[in-house]
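Asks:
Take a look at the structure:
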């Protein structure tokens, strides 16, 4: 079974730009969650999508948004990038039903200059 | 808001020794507590999890204990090996799918041979 894939793996942007990250979950998984990982704040939950609907949301500003398509693939968008948005963005997929393991992808490393 | 505190931040042991990592959580509605291992350049990987109706769970050299009254849970690794060296994260979730995880800040475990 193929794992969670994230594209691109590395990204460099400048302040004020916007960026879109992509996540393909494990086949059959309907839940996709996004997390931000930084040395200072650690792993922080951004949001979760289940069957194309946002089911849970963390405490991030509205500049961070996401969506999920009918094939469960998900995208995350960050607008008006700030230096502090530099981070590893991780995507995790699970069946979304009951207490099922979340499988993490390798992440997208975003650097904002 | 919801918070998970994790100690220690770094832990160095000799091969064959035991390692213990402790976490406390603030949200009394939390009901699912996974532990993740993250190696360099990779996403976190689930190593063991426990639900709120269970006090202890074991899987070979790894065990987790949960004290709901005190809002504490701990990871125990016995007979440590050099390949156990990694960053370990505890997490807590209050929803029935075990998503929207709140993570601790992580423990860097070093096992020397």
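Protein chains in written order, with our numbering: chain A, 15 to 127; chain B, 1143 to 1255. Yeah, the Cβ is synthetic: ideal placement off N, Cα and C, and Gly gets one too.
#1: Just reading off the beta strand (DSSP E) that residue 1210 of chain B is part of, what are its end residues?
#2: Entirely within the stretch 1163-1225 of chain B and at least 4 residues each: give me those alpha helix (DSSP H) ranges in chain order.
#3: For residue 76 of chain A, tell me which candidate among A:84, A:92, A:86 and A:32 has the shortest Cα-Cα distance.
#4: Taking residue 70 of chain A as part of the beta strand (DSSP E), name the residues at either end of that continuous run.
#5: Can you tell me whether residue 1146 of chain B is buried or exposed? The criterion is at least 16 other CB atoms within 10 Å of its CB, across all chains shown.
#6: Return no unless some Cβ of chain A is closer than 7 angstroms to the Cβ of residue 1240 of chain B.
#7: Could you tell me which residues DSSP puts in a beta bridge with residue 103 of chain A?
#8: Is the stretch 101-109 of chain A close to the stretch 1161-1178 of chain B, with three or more CB pairs under 8 angstroms?
#9: Name, in chain order, the residues that DSSP records as bridge partners for residue 91 of chain A.
#10: Any Cβ of chain A within less than 7 angstroms of the Cβ of residue 1247 of chain B?
#11: Just to confirm my understanding: we take residue 1156 of chain B, look at its own chain, exclude 5 residues before and 5 after, and list those with CB closer than 7 angstroms. What are they?
#12: Among the residues of its own chain, which have a CB less than 6 angstroms from the CB of residue 79 of chain A, if the five just before and after it don't count?
#13: Buried or exposed: where does residue 73 of chain A fall if 16 or more other Cβ atoms within 10 Å of its Cβ makes it buried?
#14: Below 7 angstroms between beta carbons is the criterion; list the residues of the stretch 27-53 of chain A that meet it against any residue of chain B, in chain order.
#15: Starting from residue 1174 of chain B, find everything on chain A with Cβ-Cβ shorter than 9 angstroms and list it in chain order.
#16: Just how far apart, CA to CA, sit residue 103 of chain A and residue 22 of chain A?
Replies: Working from what's here:
#1: That residue, residue 1210 of chain B, is in no beta strand (DSSP E); it is neither H nor E in DSSP.
#2: none
#3: A:92
#4: 67-71
#5: buried
#6: yes
#7: A:50 and A:122
#8: no
#9: A:34 and A:79
#10: yes
#11: 1254
#12: 91
#13: exposed
#14: 45 and 47
#15: 113
#16: 11 angstroms
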